[in-house]
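The structure under discussion appears below in the form of structure tokens.
Number of protein chains: 2
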Amino acid sequence: MRISELAARTGVPLATLKFYLREGLLPHGLAVAATRAEYDESHVQRVAVIRALTETAGLPLQRVGEVLRLIDDPGPDLFATLGRAVGQLPPPIAELPADADAETAYPRARAVLEQLGQVWDPHYAAVAQLERALEAAEAAGLPMTPERARSYGAAIRAIAEFDVGAIPTDSSGAVGYAVLGTALYEPVIAAMRRLAHQDVAARRLGIEPAHGPETSQAG
Amino acid sequence: MRISELAARTGVPLATLKFYLREGLLPHGLAVAATRAEYDESHVQRVAVIRALTETAGLPLQRVGEVLRLIDDPGPDLFATLGRAVGQLPPPIAELPADADAETAYPRARAVLEQLGQVWDPHYAAVAQLERALEAAEAAGLPMTPERARSYGAAIRAIAEFDVGAIPTDSSGAVGYAVLGTALYEPVIAAMRRLAHQDVAARRLGIEPAHGPETSQAG
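If you're matching them up, the sequences are chains A and B in order.
Each residue of the first sequence is one higher than the last, beginning at 147 in the working numbering.
Each residue of the second sequence is one higher than the last, beginning at 147 in the working numbering.
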């Protein structure tokens, strides 16, 4: 297809597609004439990935480029590449000062991970993200407790087992899937949790749901 | 304490506290002299709530005011008030056009909720949020599947049961706790999921974790 058709197919303006081409995010189409390049389904898919990373995941373009490079060339150490690719996702975290001790810099995150018996590596971006999130909850008067960590940990592990089991086995597909699956399903999980709160609260309070299933109306 | 001490205690600049006072977000202190008002722990707590809502949850000040009004005056229908308060949280959702049919406007969210046997009310803000999140995942080539909905649904329900069980029983405390607990633990859950991915992947790939617990080194 022509680039104008790619714009129509993806709903992305032509000027934006040309910008992606200039920035090296989108590979050039196959030149079929001096002034015409041919685009295919791989370009449609790549545009969808760029849109998901920028618009839904909120990644700056520079980081999108880094993720795409890791997708295109995952290298031999898939585990490290997955970590680096997911580490590009927001929220951005501040680098530890050079004189900081990584072992002691994230006490709240470490306590949770040690309680759950999980891998503890202070160089994982998500460790710093967890520490910041736990600090904020604590500052607002809702500190993490061992009971909450236990409940959340078991539930989140079940989600993670499903996620990892769904990752394709080829390493290039794995990186893209892992990054998108991480980023795109965070808002899904957040919305599902809010809806589960309402469902659990309605049942505990004995409220007749407006559009509940038969079973809830009977219960 | 004087307002300058309140600033020191909370780490919030004096000018910001005065802004909160002017906007009606923070109650005035008790006037103990013509030019001096006395602040107490309730003010410290209120400032922490405002900071959590603005900085961590990313709420615009106008919506913070609405949440605080619901915390201060939850009214007789606690369930409706909880829904309205949590509905102020990001992401903002577009109002349905007047001629749209709410029953059919959220097909992806409805399918998930009906599969899970949960309350389905198209007027819950989180229904629209779930629909947008599911649309974005689908557009990027990772549509929700019944298998994922089942795995996620059971895990998220366990989290929600814990959350609702932890809510204080007085209605004023309940509203503040529910809003903060919803907003502040979303980034905690997202970070814990990323870390669980790494733990599950490391174990499946047989990678020795850098700082894993004894059990994982033996396994």
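Virtual Cβ for every residue (Gly too), placed ideally from N, Cα, C.
Item	Value
D267/A CB to nearest heavy atom of the ligand NAD below 7 Å	This structure does not include the ligand NAD; it has no bound ligands of any sort.
Any beta strand (DSSP E) of 3 or more consecutive residues that is wholly inside the segment 210–238 of chain A	none
Contact with chain B by A306/A, beta-carbon distance below 8 Å	yes
Cβ of Y298/B within 8 Å of any chain A Cβ	yes
Nonlocal neighbours in the same chain, by C-beta distance under 6 Å from Y323/B, ignoring five residues either side	I313, P314
Rounded C-alpha distance that separates P435/A from A283/A	The displayed coordinates of chain A run from 147 to 365. Any statement about residue 435/A would go beyond what the structure contains.
Under 7 Å (Cβ pairs) to chain B, residues found in the segment 181–194 of chain A	Q191, A194
Sufficient close CB pairs (3 or more, under 8 Å) joining the segment 250–270 of chain B to the segment 338–345 of chain A	yes
Amino acids of chain B, ordered along the chain, whose beta-carbon sits closer than 7 Å to that of D309/A	H343
According to DSSP, residues forming a beta bridge with L176/B	E184/B
Cβ-based contacts, 8 Å cut-off: residues of the segment 319–342 of chain A near chain B	Y323, A324, L326, G327, T328, L330, Y331, E332, P333, V334, I335, A336, A337, M338, R339, R340, L341, A342
As assigned by DSSP and simplified to three states, the class of V265/A	coil
Where M290/A sits in the DSSP three-state scheme	coil
Closer than 8 Å to chain A by CB, A153/B	no
Which listed residue (P173/A, L242/A, L199/A, L224/A) has its alpha carbon closest to that of I353/B	L224/A
Assumed close pair I149/A, L171/A - CB separation to whole angstroms, cut-off 8 Å	About 14 Å; that fails the 8 Å criterion.
Same chain, Cβ closer than 6 Å to A295/A, neighbours up to 5 away in sequence not counted	V258, Q261
8 Å Cβ cutoff met for A329/B and T200/B	no
Beta carbon proximity, G365/A to chain B, threshold 8 Å	Confidence at G365/A is low in this model, with a pLDDT of 37, below 50, so its placement is unreliable and the value that follows should be read with caution. It does not; no Cβ of chain B falls within 8 Å.
Closest by C-alpha distance to E281/B, when choosing among P268/B, Y252/B, R182/B	Y252/B
Contact belief for L205/B with L235/B at Cβ below 8 Å, rounded distance in angstroms	7 Å
Three-way DSSP call (helix, strand, coil) for T162/A in this model	helix
CA-to-CA distance, M290/A to R209/A, given in whole angstroms	31 Å
Residue-chain proximity (T200/A, chain B), Cβ-Cβ < 8 Å	no
Residue-level contact to chain A via CB, Y270/B, 8 Å cutoff	yes
L242/B beta carbon less than 8 Å from that of V321/B	no
Minimum Cβ-Cβ distance from L259/A to chain B less than 8 Å	yes
Neighbourhood of G255/A by C-beta distance below 7 Å, restricted to the same chain and skipping five residues each side	The sequence given here has Ala at residue 255/A, not Gly. Within the same chain, A255/A has close Cβ partners V273, L276, E277, L280.
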